[in-house]
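K.L.:
This structure is in structure tokens; I'll ask about it shortly.
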Amino acid sequence: MASLSITCHYLTYLTVVYILLIVMLCCHNAVGVLGKSQMCEVETGQTNIILDIEESRGDYVGQHTNPPELPIFGDPFTGIALDLVFPKGQPIFLLNGKRLQLLQPLDRDEENLSHIVFQVSCTIRSSQKRRNIPIIVRVSDVNDNAPRFMNTPYEVTVPEFSNHYVQETYSSAGQFPLPQDKVGKQFKIAAP
Numbered sequence: 001m002a003s004l005s006i007t008c009h010y011l012t013y014l015t016v017v018y019i020l021l022i023v024m025l026c027c028h029n030a031v032g033v034l035g036k037s038q039m040c041e042v043e044t045g046q047t048n049i050i051l052d053i054e055e056s057r058g059d060y061v062g063q064h065t066n067p068p069e070l071p072i073f074g075d076p077f078t079g080i081a082l083d084l085v086f087p088k089g090q091p092i093f094l095l096n097g098k099r100l101q102l103l104q105p106l107d108r109d110e111e112n113l114s115h116i117v118f119q120v121s122c123t124i125r126s127s128q129k130r131r132n133i134p135i136i137v138r139v140s141d142v143n144d145n146a147p148r149f150m151n152t153p154y155e156v157t158v159p160e161f162s163n164h165y166v167q168e169t170y171s172s173a174g175q176f177p178l179p180q181d182k183v184g185k186q187f188k189i190a191a192p
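This is the structure:
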């Protein structure tokens with residue numbers, strides 16, 4: 001009787017192990033399919049990608065985007081193929097894996113360049129399924145141009161509690177409004 005009880009427990013144990021093995025195999029295949037279906041999808045779940053980059057200082061082209069890599073699911077060396085598409089003119093970036101590298105310096109001021117729009121074409125190597133993802137790279141200004149004061153020289157008598165402003169223009173301002181500096185207690189102009 002004891003041996004029959006041990007045999008029943010052993011069979012129950014083997015059945016449970018067998019069922020767990022089947023469940024694990026099914027889940028493993030489902031995870032593999034899910035991973036493949038995510039390839040070429042944007043990691044954030046959005047339909048486009050927005051990156052930031054600073055304009056170049058002189059001829060420097062080594063600045064990185066933020067984030068530094070395109071947030072696309074898949075390995076660009078084995079699972080997916082990425083190609084840049086510039087519908088409006090010459091390519092501005094080169095693709096190295098998922099990193100963008102500038103081909104020429106960016107001058108936000110001279111070119112009145114606040115952003116760059118293009119696409120990345122992503123192809124799943126195993127199925128040849130392809131999709132285009134819009135990319136927007138916002139170009140931020142670096143303060144590389146000194147202000148030019150307008151209507152100089154300034155000669156003004158400023159009463160102690162008045163609100164006077166000095167107006168200047170920046171070539172870095174581009175299409176943005178002219179800045180004004182308030183003349184206050186600590187206002188000083190150094191003469192050369």
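Residue numbering for the sequence shown follows the UniProt record's numbering, beginning at 1 and increasing consecutively.
Here a beta-carbon is modelled for each residue, glycine too, at the ideal position from N, C-alpha and C.
All values reported here derive from a predicted model rather than from experimental measurement.
(1) Are residue 210 and E55 closer than 8 Å when you measure CB to CB?
(2) Whole angstroms are fine: how far does the CA of P134 sit from the CA of L84?
(3) Using 8 Å as the threshold, is the C-beta distance between L103 and P91 below it?
(4) Could you tell me which uninterrupted beta strand (DSSP E) segments, each at least 3 residues in length, are contained entirely in the segment 70-152, listed from first to last along the chain?
(5) In terms of residues, what are the limits of the beta strand (DSSP E) holding D52?
(6) Report the rounded CA-to-CA distance for V139 versus G89, giving the unit in angstroms.
(7) By how many angstroms is the C-alpha of I136 removed from the C-alpha of H64?
(8) For E41, which of helix, strand or coil comes out of DSSP?
(9) Would G62 and C40 be called neighbours here (beta carbons separated by less than 8 Å)?
(10) Who are the near neighbours of I50 in its chain, counting only those whose CB is closer than 6 Å to its CB and skipping five residues on each side?
(11) Could you pull out every residue in the same chain whose Cβ sits closer than 8 Å to the Cβ of V120, ignoring the five residues on either side in sequence?
(12) Taking the straight line between their C-alpha atoms, what separation do you get for K129 and P76?
(13) May I have the straight-line CA-CA distance separating V46 from S126, to the nearest angstrom?
(14) When burial is assigned at 16 or more other CB atoms within 10 Å of the CB, is V117 buried or exposed?
(15) Please name the residue in Y60, D141, N66 whose C-alpha comes closest to that of E111.
(16) Output yes or no for whether 8 Å exceeds the beta carbon distance between I53 and I80.
(17) Once the 5 residues before and after V42 are set aside, which same chain residues still bring their CB inside 7 Å of it?
P.N.:
So, from the listed chains and residues:
(1) The question about residue 210 has no answer here: the residues shown for the chain are numbered 1 through 192.
(2) Here the alpha carbon of L84 sits roughly 10 Å from the alpha carbon of P134.
(3) By the CB criterion at 8 Å, L103 and P91 fall inside the cutoff.
(4) Along the length of the segment 70-152, whole beta strand (DSSP E) runs at least 3 residues long occupy 80-85, 93-96, 99-102, 115-124, 130-140, reported in chain order.
(5) Boundaries of the beta strand (DSSP E) around D52: 49-54.
(6) Spanning the two alpha carbons is a distance of roughly 18 Å.
(7) Their backbone Cα atoms lie some 15 Å apart in a straight line.
(8) Assigned with DSSP and collapsed to three states, E41 falls in coil, not helix or strand.
(9) Between G62 and C40, the C-beta spacing is not below 8 Å.
(10) Excluding sequence neighbours, I50 sits near I136.
(11) Apart from sequence neighbours up to five positions away, the residues of its chain that approach V120 with a beta-carbon distance below 8 Å are I49, L70, I72, L82, D83, L84, V85, L95, N132, I133, I135, ordered along the chain.
(12) Counting only the Cα atoms, P76 lies some 14 Å from K129.
(13) The sequence shown places Gln at residue 46, rather than the Val named in the question. C-alpha of Q46 to C-alpha of S126: approximately 24 Å in a straight line.
(14) It is exposed - the Cβ of V117 has fewer than 16 other Cβ atoms within 10 Å.
(15) Shortest Cα-Cα distance from E111 to any of Y60, D141, N66 involves D141.
(16) Taking 8 Å as the Cβ cut-off, I53 and I80 do not qualify as a contacting pair.
(17) Non-local beta-carbon contacts of V42 in its own chain, meaning distances under 7 Å to residues more than five positions away in sequence, involve I49, P71, I72, I133 in chain order.
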